[in-house]
Amino acid sequence: MQLKFQVKGMDFSRAGQAATKIKKALQLAGMDPATMRKAIIIAYEAEMNIVIHAYHGTLTANITPHKVEIIAEDVGPGIPDIPLAMQEGYSTAPPHIREMGFGAGMGLPNIKKSADELDIQSEVNKGTKLWAAVFNN
Amino acid sequence: MQQYFHSVRLDEEKCKGCTNCIKHCPTEAIRVRKGKARIIEERCIDCGECIRICPNQAKLAITDCLEKLKDFKYTVALPAPSFYGQFKPEVTPSRVLSALLALGFHDVFEVALAAEAVSWAIRHYMEVCVDRPRPLISSACPAVVRLIQVRFPSLLEHIIPIESPMEIAGRMAREQACRKTGLEPDEIGTFFITPCPAKVTEVKQPSEGRSSVDGAISMAVVYGALLKRLEMPAPYPVAPRASGVGIGWGRAGGENEAIKAGSLLAVDGIHSVISVLEEIERGGLTDIDYLEAQACTGGCIGGPLVPQNPFVARVRMGNLVKLYSAGEPGDFPRDFDYYRLKTPIPARPALTLAKDPQVALARLEEAERICAELPGLDCGSCGSPSCRALAEDIVQGYARRSYCIFELRERLQQLAEEMVELAQKQPPAMGRDWKQTRDGGGETD
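Taken in sequence, the protein lines are chains G and X. Residues 5 to 141 (my numbering) are what the first sequence spells out, left to right. Residues 609 to 1053 (my numbering) are what the second sequence spells out, left to right.
Shown next, in the form of structure tokens:
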């Protein structure tokens, strides 16, 4: 089944809500706790990336008994150097975002750690598409 | 035998079938059916929120009564640290302990003392096991532990594998009593004086094997019986052995104050606990070493079975902590294995829609569809806590679409309109105008 959520840039008051709904769905579907944890971390970090960096986007979860796919598509500045963005601690978040406790440069590295498969496509000044999969064993 | 023991029960006579409790249950474990609240056993975590909210006092906690003391040759009272905060300043801990003896117990062992020992064990574990996932979560509040089993199974590995102060107190008390009396361990009864139903359940249905505590008696019951005996002479004088460090465990933040190492976070109140656990679940708070989490607002002094106002108790407890702050650390085993939880805490997947993931997913999809069509008012009239919960109940076969009074009303309205329309139709033989039309005739409306 598919769950799809609209995510707005800079909307910190509702940030994380889509990830919470995905978690509830995974729990109802009886996914393994380990699968659930990995998928929540990916969904949350991907959602936050849209909130912090992009103008707007969508967060999608495709759930099957054997696999959870998280897809985050946004319209935004894009990522010029993906390998650099994957490094722990590297962040382009402006100071006011960091002061809120976000933008520590752990978003993509955390996603990478949790995902069994990961693909990121980005075009500067257009947007980013992140696709991650977690296998339910 | 039922699968789960629960301390929280319903008084059928008092329950009016209002929907206050279903709305406040953190695990959506209550439904109203046939005018009475029903608890879904595998979901209930015995937090006691429903006891607090029920306007008709229809929710109660089953605890042991003082009569049970007669089942043992020698009995030891285990007062929870929060017990000290229930009395006026002139009623010193020493008088409280003496009165417990006057009440019929042969001896007293303070849980606060065990709390000091557990504080040591937690500090030790944090130093030695640096590779464990952070933050570690306290195992002291049984309602929080069960909340994690039901709603946050992926966080079970965060729970520190150390027994609760109550369990440790029961063990230490029994060992001490055996030495003192020469009796067999089975002949000694240990009784926890409990501020909450969750602890009763922990005693009756421990996560591993058998509890070291033989019974749990409501603090409110003991308090009432004790007030009459405060002036009575004790069979022998008892002095409190616990220091402020252990006594402070009875209020929110006290556990962390006792640990005093690393970066510590304290959260109290079940709904606040849930939001912090959600944050940990999505990978946050890794900079915190230890989380003290208590289901009741204010900590154990805010328990549903506690007689005194928790804010008053908090002040009194604060004064006692200061008064006994100079106390020497108690005499307890400095061997970590003494405190270690022997078996891992299992998950309790009570929220899944079906055992088979394929079926569960199909039901989930169906529930999403139904939920989108329901009015979304979360009124509770259907007996489920929200429209979403009703949709989940429907796909599992526990409820019907017609339980929604708004949908029922709409359908009745449609039906009524149809009936009016039908009522206006009459057969031509009963006097309706008959117009001959060019192509052969028929009725016109």
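Every residue gets a Cβ at the ideal spot worked out from N, C-alpha and C, and that includes glycine.
query: When you compare the CB of Ala22(G) with every CB in chain X, is at least one pair closer than 8 Å?; result: no
query: Closest Cβ-Cβ distance between Gly891(X) and chain G: below 8 Å?; result: yes
query: Under 8 Å, Cβ to Cβ, is there at least one residue of chain X near Pro113(G)?; result: no
query: Determine the direct distance from the alpha carbon of Glu127(G) to that of Leu872(X), and round the result to whole angstroms.; result: 42 Å
query: Along chain G, which residues have their Cβ under 8 Å away from the Cβ of Ala999(X)?; result: Within chain G, no residue comes near Ala999(X); the closest Cβ sits about 11 Å away, beyond 8 Å.
query: Unbroken alpha helix (DSSP H) runs of length 4 or more, entirely within the segment 81-122 of chain G: which are they?; result: 86-89, 99-103 and 111-118
query: Thinking just about the alpha-carbon of each residue, which of Leu764(X), Cys626(X), Ile796(X) and Arg754(X) is nearest to the one in Val684(X)?; result: Ile796(X)
query: Under a CB-based cut-off of 8 Å, is Ser994(X) close to chain G?; result: no
query: How many angstroms separate the CA atom of Arg641(X) from the CA atom of Cys623(X)?; result: 11 Å
query: Under a three-way DSSP split, which group does Thr635(X) fall into?; result: coil
query: Below 7 Å on C-beta distance, what does Ala29(G) contact in chain X?; result: Leu972
query: Can you check the segment 979-1021 of chain X for any alpha helix (DSSP H) of at least 4 residues that lies completely inside it and give the ranges in chain order?; result: 995-1003
query: Quick check on the DSSP output: what are the complete alpha helix (DSSP H) runs of length 4 or more inside the segment 722-769 of chain X, in order along the chain?; result: 750-759
query: What residues from chain G crowd round Leu961(X), counting only those whose CB sits closer than 9 Å?; result: Leu32, Ala33 and Gly34
query: Are the beta-carbon atoms belonging to Ala108(G) and Ser118(G) less than 8 Å from one another?; result: no
query: Please state whether DSSP places Thr671(X) in a helix, a strand or coil.; result: coil
query: Hey, could you find the ends of the beta strand (DSSP E) Ile796(X) is sitting in?; result: Ile796 to Thr802
query: Under 8 Å, Cβ to Cβ, is there at least one residue of chain X near Pro69(G)?; result: yes
query: Using a beta-carbon distance cut-off of less than 8 Å, what residues from the segment 941-958 of chain X approach chain G?; result: Ala955 and Pro957
query: With C-beta atoms as the reference, is Pro993(X) less than 8 Å away from Lys631(X)?; result: yes
query: Need the endpoints of the beta strand (DSSP E) that Glu900(X) sits in, please.; result: Tyr898 to Gln902
query: Between the Cα of Val138(G) and those of Gly93(G), Ala47(G) and Phe9(G), spot the shortest distance and give me the residue it belongs to.; result: Ala47(G)
query: Taking 8 Å as the CB-CB limit, is Pro37(G) close to chain X?; result: yes
query: Rounding to the nearest angstrom, what Cα-Cα distance links Cys908(X) and Gly34(G) in this structure?; result: 33 Å
query: Taking its Cβ as the centre, do 16 or more other Cβ atoms sit within 10 Å of Met609(X), making it buried, or is it exposed?; result: Because the pLDDT of Met609(X) is 38, which lies under 50, any placement of that residue in the model is unreliable, and the question is left without a value.
query: Less than 7 Å between C-beta atoms, sequence neighbours within five positions excluded: which residues of the same chain meet that for Ile1002(X)?; result: Ile978, Arg1008 and Arg1009
query: Considering only their Cβ atoms, is the gap separating Leu959(X) from Gln31(G) smaller than 8 Å?; result: yes
query: Could you tell me which chain G residues have their CB closer than 9 Å to the CB of Leu899(X), listed as they occur along the chain?; result: Chain G residues near Leu899(X): none, gap ~16 Å exceeds 9 Å.
query: Could you give the DSSP three-state label for Ser580(X): helix, strand or coil?; result: Outside the shown range of chain X, which is 609 to 1053, sits residue 580(X), and nothing can be said about it.
query: Whole angstroms is fine: what's the gap from Arg948(X)'s alpha carbon to Asp120(G)'s?; result: 34 Å
query: Inspect the beta-carbon positions of Thr132(G) and Gly80(G) and report whether they are closer than 8 Å.; result: yes
query: In this structure, how does DSSP classify Glu77(G) when only helix, strand and coil are distinguished?; result: strand
query: Can you list, in chain order, the residues of its chain whose CB lies under 7 Å from that of Met90(G), leaving out five sequence neighbours each side?; result: Leu112, Pro113 and Lys116
query: Please name the residue, chosen from Met827(X), Lys807(X) and Val829(X), that lies closest to Ser819(X) on a Cα-to-Cα basis.; result: Lys807(X)
query: Return no unless some Cβ of chain G is closer than 8 Å to the Cβ of Gln694(X).; result: no
query: Give me, in chain order, the residues of the same chain whose beta-carbon lies closer than 6 Å to that of Lys842(X); leave out the 5 immediate sequence neighbours on both sides.; result: For the record, residue 842(X) in the displayed sequence is Ala; it is not Lys. Once the five neighbours on either side are set aside, the close Cβ partners of Ala842(X) are Ser706, Leu709 and Ala710.
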